[in-house]
Amino acid sequence: MQLTEKHKKYWNINLKISSALLVLWFVSTFVMGWYARELNAIEIIGPLGFYMSAQGSLIIYVAIIAYYAYFMNNLDKEYGVHEGELD
Amino acid sequence: MAEVTQSQFTSNLKRYYSFYTGGFVAFVILVGILEQMGVPNKILGYIFLFATIMLYAGIGFMSKTADVGEYYVAGRRVPALFNGMATGADWMSAASFIGMAGTLYLSGYDGLAFVLGWTGGYCLVAILLAPYLRKFGQFTIPDFLGARFGGHLPRFIGVVAAIVCSFTYVIAQIYGVGLITSRFTGLEFQVGVFVGLAGILVCSFLGGMKAVTWTQVAQYIILIVAYMIPVVWLSVKHTGNPIPQISAYTSALPKVTALEKEFNDKTSPKGAKEESVRAIFRERSAAGTAKLAGLEKDGPAFLAAEKQKLTDKVAALKAEATPDAKAIEAAEKSVKDFPADAAAAKKAWTAEKGVAARAAPVKAHAEAFAVGGKTPEEIEKNRSKAKKNFLALIMCLMIGTAALPHILMRYYTTPSVHEARVSVFWGLFFIFLLYFTAPALAILAKYEVYSNLVGSSFASLPAWVSNWSTVDKTLMNIADINKDGIVQLAEVVIGGDLIVLATPEIAGLPYVISGLVAAGGLAAALSTADGLLLTIANAMSHDLYYKMIDPNASTVRRLAVSKGLLLVVALCAAYVTSLKPGDILFLVGAAFSLAASGFFPALVCGVFWKRANYLGAVLGMSAGLGICAYYMFITYPFFGCGANCVANQWWDIAPISAGTFGIPAGFIGIIIGSLISAAPNKEIQDLVDHVRYPNLEGDIDTKGV
Chain S
0 MQLTEKHKKY
10 WNINLKISSA
20 LLVLWFVSTF
30 VMGWYARELN
40 AIEIIGPLGF
50 YMSAQGSLII
60 YVAIIAYYAY
70 FMNNLDKEYG
80 VHEGELD
Chain A
0 MAEVTQSQFT
10 SNLKRYYSFY
20 TGGFVAFVIL
30 VGILEQMGVP
40 NKILGYIFLF
50 ATIMLYAGIG
60 FMSKTADVGE
70 YYVAGRRVPA
80 LFNGMATGAD
90 WMSAASFIGM
100 AGTLYLSGYD
110 GLAFVLGWTG
120 GYCLVAILLA
130 PYLRKFGQFT
140 IPDFLGARFG
150 GHLPRFIGVV
160 AAIVCSFTYV
170 IAQIYGVGLI
180 TSRFTGLEFQ
190 VGVFVGLAGI
200 LVCSFLGGMK
210 AVTWTQVAQY
220 IILIVAYMIP
230 VVWLSVKHTG
240 NPIPQISAYT
250 SALPKVTALE
260 KEFNDKTSPK
270 GAKEESVRAI
280 FRERSAAGTA
290 KLAGLEKDGP
300 AFLAAEKQKL
310 TDKVAALKAE
320 ATPDAKAIEA
330 AEKSVKDFPA
340 DAAAAKKAWT
350 AEKGVAARAA
360 PVKAHAEAFA
370 VGGKTPEEIE
380 KNRSKAKKNF
390 LALIMCLMIG
400 TAALPHILMR
410 YYTTPSVHEA
420 RVSVFWGLFF
430 IFLLYFTAPA
440 LAILAKYEVY
450 SNLVGSSFAS
460 LPAWVSNWST
470 VDKTLMNIAD
480 INKDGIVQLA
490 EVVIGGDLIV
500 LATPEIAGLP
510 YVISGLVAAG
520 GLAAALSTAD
530 GLLLTIANAM
540 SHDLYYKMID
550 PNASTVRRLA
560 VSKGLLLVVA
570 LCAAYVTSLK
580 PGDILFLVGA
590 AFSLAASGFF
600 PALVCGVFWK
610 RANYLGAVLG
620 MSAGLGICAY
630 YMFITYPFFG
640 CGANCVANQW
650 WDIAPISAGT
660 FGIPAGFIGI
670 IIGSLISAAP
680 NKEIQDLVDH
690 VRYPNLEGDI
700 DTKGV
C-alpha cells in the first residue's frame, strides 16, 4: 500500500479542518465558560453567558459536526478516497 | 434479508417506524380515553409499564439472530438516521431524562456543566474517533487497541477499563429503572430492580446489538415524545408561546430574575415575608448550635435538663387560669418527640443547626459561579475554585463521552465511513433536542413556583403541590413556618427529580401524560442499561474469551458464551444495585473520568500518531486509569479518607473530576512509552493509513466478519 502525494494532501487538509473546528469547540466551551460572569453583563435573549451555556454552545456543537461531515464527505470524493456504492 | 439493498432497507425502516410512532400515539390516546372512563391511575401506570416492556420484548424477539456480525454489530447496515436515534437513547440515561432539569432548577448556571459536557463531547467523537473506528471495523473497542498496538496486554487493559467504567455506569441506570418502576406501580424498590432487569434482558438477550439497536430506536421515539409534550404545554400555559426554548429566555427568565430580586429585598412586601421565615430558621439554627455545645459540655445531664424544661412548660401551661388546648398539645408533642439518647439528640440538633442553609438569600438563576464568603478575598477565592471545578467537570464529561465504549461501539454498526460521520450528526441532534429543552423547562418550572406557588394560601395549595407532598417528602416538602397561612419561597423544599415528574400536572395535563413521562424515563434507563450490559458481555466474550483464550471457538459457542455472560453480568449488576450503593451522580461521574483517562489518549494517539506503540499504550492506559482511580480513592469519602478528603485534593479539584489528572497522565504515559521503545512495524503503520482513508487502493482488510 503506497500513499501518493494526493493522499498526503488529503490527510493534511483533514488535519487542518479538524484543528480549526476543535479550536471553535474549545472557544465555545471553555473560553465562554471562563468568562461567563463577564458575558452575563450583556443582555441578548437573556444574560449572554447563561444563554450560551444553556443553548448557544449546543447549537454551535451541532453545527460543527454537521459541517465536518459535509466537508469530509465531499473531500473524500474530491481526492478519490470515497467508498463505492454499498450494494 | 440479504437481497434487500441498503436504500430499500432504509425506506422500509422509515415506514416501520412511522407506523410504530402512529401506533404509539394511538395507544396513548386509548389510555387517555380509559382514564376519562374512570380507570384508576395505578392501573394506567401498570398498563404503560407492561405495554412498553412487551413492545421492547417484541422487537427484541423479532431481531433474534445467530449470526456473529449481526449479534455484535447489527450486521453493519444501520442507516445514519437510525443509528443517530439509537445513539440518543443509548446516551440519555435516567439521570438525563428525570434528573437533568431538576439539577438545573436547583443549581442554575452551575448545573450547565452537565448540559455542555454531555453534548460537546460529540464534537470529539465526530472529529477524532468515529470515522476512523468505522473504517477499522471489527467488533469492540479493545479490538482496536489490540490490533493497533499489538500483543494481548493493551487489549486486556482495554477490557478491564471497559468493564470497570461500564459496570459503574450500569449500576446508576438500573437504580433509575428500580426507582421509576417502584414509583409508578407501588412495587418495592428491590422488586422494581428485577422487573426492570427483565425488561433489559428481553431487549438484548436474543439478538445482541441488532436487537438493542432496533429497540433503542423505538425507545428514543417514546422518550423524546414523553419529554416534549408536557414542556410545550407548560410553555403555552405560561407564555402563550409553544416553543419553550425561546419563551423561557425571552419571557420567563426576566420575570424570574425580577422575583429573585424582590425575594431578597427586605423592604419589599414579598421580601419582608421571606425575611420573617429566614429569621425563624436562623433562630432555630442558633438554638441547635447552642444545644449541641451544651451536649458536648455536660453530656447526658444536659439532655435530662432540656427534657425537664419541656415537661415544666407543659405543667405551667396546664396550670394557667384559661388553659390553651392547642399550646398544651404542641408542648406535649415536643416532650414526646424529644430525642431518647445523646446520639439521637446529636443527630436531631445537627439537623436543626443545618436549617441555616434555608435562611440564605435566593440564588440568581442565571448567575455564574455564585459563591458565598465573608470577605471580598474569600469570595474571589471561592469563585475561582467554583470556576475551575466547573470547567474541569465539563472536560471530564466531554472526554469521557468520547471514550465510553458503549457509545463508540455504535459507530461500528453503520454501513460506511460516510454514514458514520453523518450518524454522529444525527446522534448529537437527537440528544440536543432533549438537552436544550431541559434548561428551558427548569426556568419555566421556576417561574411557576416563584409566581404561582409563592403567595398562594396554605388552605388552597395547587393540586400538584399537595399531591406530591403526600407522595414523597423528599421531592416536595412544604410547611407554614411563620404561620401566616401564605406560602413563602423559604418554606418550600423541592427535590430535583420533581421537576420532570410533576411537569404534566403543573401544566394541567391529565394523568395519562404522567404515565407517558414514566414510560419515557423507563425507556431512557432501559436503553442505556442495555447498551452498557452488551458492552461488558462483549468485552468478556469476544475480547477475553474468543481473542485471548480460545481463538478456535465455533460461532455457536461464541454466541452461547456471550449470552451466558450477559445474563451473569445483568444479575450481578442488579444485585449490586439492590444494595443501593452510594451517590448516583458520583457513580456516573466516576464512569466518565475512568473512561476518559483509560481510553481517550490511547484511541486518539492510535489514529493520529503513527509513532505510538505497544509500550506507550500499556504505560499510558495504566497511568491514566491508575492516577484517576488513586485520586478518587484519596478524595472521595466513600473510600474512607474521612477528615482528610478535602485536604487531599490537588488544586481543589473535586473527586468527580478525577479525570483532570488521569487524562494528562494517560497522554504523558503514551508519549514517554512510545519514544523510549522502537517505532511500530510496517504492518501497523499500514493499519494506521488504512483507518485514516475511507477507501484506498490495495487496502488491507480489517473487517474480520
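Respectively, the protein sequence lines represent chains S and A.
Residue 0 is where the first sequence starts when you use numbering that gives the first Met the number 0, and the numbers rise one by one after that.
Residue 0 is where the second sequence starts when you use numbering that gives the first Met the number 0, and the numbers rise one by one after that.
Each residue gets a CB set at the ideal place from its N, CA and C atoms; glycine is no exception.
Computed from a predicted model, the values in this text were never measured in an experiment.
Taking a beta-carbon distance threshold of 8 Å, residue 44 (chain S) counts as an interface residue toward chain A.
Comparing alpha-carbon positions, the option among A:685, A:327, A:428, A:129 lying closest to residue 223 (chain A) turns out to be A:428. Per DSSP, residue 547 (chain A) lies in no alpha helix (DSSP H) segment and is marked neither H nor E. Put simply, the CB of residue 450 (chain A) is far from chain S, with every gap to its CB atoms at 8 Å or more. Annotation: the continuous alpha helix (DSSP H) that includes residue 158 (chain A) extends over 151-184. DSSP places residue 675 (chain A) in no beta strand (DSSP E); its state is neither H nor E.
For the region 391-416 of chain A, the set of positions with a beta-carbon nearer than 8 Å to some beta-carbon of chain S reads 393, 394, 397, 414, 415, 416 in chain order. Rounded to the nearest whole angstrom, the C-alpha separation of residue 259 (chain A) and residue 49 (chain S) is 16 Å. By the C-beta criterion, the region 157-169 of chain A is judged to be in contact with the region 528-538 of chain A, since at least 3 inter-stretch pairs fall below 8 Å. If the five residues before and after residue 557 (chain A) are omitted, its C-beta is found closer than 7 Å to the C-beta atoms of 67, 540, 545, all from its own chain and listed in chain order.
The region 681-698 of chain A makes no contact with the region 629-637 of chain A; the number of CB pairs closer than 8 Å stays below 3. In this structure the region 394-412 of chain A lies against the region 112-128 of chain A, because at least three pairs of beta carbons, one per stretch, are closer than 8 Å. Under a criterion of Cβ atoms nearer than 7 Å, the residues of chain A adjacent to residue 63 (chain S) are, in order, 122. Neighbours of residue 82 (chain S) in chain A, taken as residues at a C-beta separation under 8 Å, are given in chain order as 415, 416, 417, 693, 694. Within 10 angstroms of the beta-carbon of residue 674 (chain A) lie fewer than 16 other beta-carbons, which makes it exposed. Proximity of residue 365 (chain A) to chain S, defined by a Cβ-Cβ separation below 8 Å, is satisfied. If you look at residue 28 (chain A), you'll find it in the alpha helix (DSSP H) that goes 5-35.
Using a C-beta cut-off of 8 Å, the region 73-82 of chain A makes contact with the region 198-213 of chain A, since at least three inter-stretch Cβ pairs fall below that distance. The beta carbons of residue 576 (chain A) and residue 170 (chain A) sit closer together than 8 Å. Restricting attention to alpha helix (DSSP H) runs no shorter than 4 residues, the region 490-550 of chain A encloses them at 497-505, 510-537, ordered along the chain.
For residue 605 (chain A), the nearest beta carbon of chain S is not closer than 8 Å to its own beta carbon. Assigned with DSSP and collapsed to three states, residue 43 (chain S) falls in coil, not helix or strand. For residue 39 (chain S), the nearest CB of chain A lies under 8 Å from its own CB, placing it at the interface with that chain.
The beta carbon of residue 454 (chain A) does not come within 8 Å of any beta carbon belonging to chain S, so the residue lies off that interface. Within the same chain, 34, 40, 43 come within 7 Å of residue 510 (chain A) by CB-CB distance, once the 5 residues on both sides are set aside.
By the beta-carbon neighbour count (other beta carbons within 10 angstroms, threshold 16), residue 151 (chain A) is exposed. Between residue 26 (chain A) and residue 50 (chain A), the C-beta gap is smaller than 8 Å, which places the two residues in contact. What residue 233 (chain A) touches in chain S, judged by beta-carbon distance under 8 Å, is nothing: the nearest beta carbon there is about 17 Å away. In terms of Cα proximity to residue 109 (chain A), the closest of A:204, A:229, A:282, A:385 is A:385. What residue 126 (chain A) touches in chain S, judged by beta-carbon distance under 7 Å, is 17, 20, 21, 67, going in chain order. Taking a cut-off of 8 Å on C-beta distances, the region 190-200 of chain A does not touch the region 219-239 of chain A, as fewer than three cross pairs fall below it. Residues of the same chain with a CB within less than 6 Å of the CB of residue 382 (chain A), apart from the 5 flanking positions on each side, are 368, 370 in chain order.
Comparing C-alpha distances from residue 71 (chain S) to each of A:363, A:440, A:416 shows the shortest one belongs to A:416.
Close CB contacts of residue 456 (chain A) within its chain, under the 7 Å cut and outside five residues either way in sequence, are with 484, 485 (chain order). If you look at residue 475 (chain A), you'll find it isn't in any alpha helix (DSSP H); it sits in the beta strand (DSSP E) that goes 475-477. Within chain S, the residues placing a beta-carbon under 8 Å from that of residue 438 (chain A) are 53, 54, ordered along the chain.
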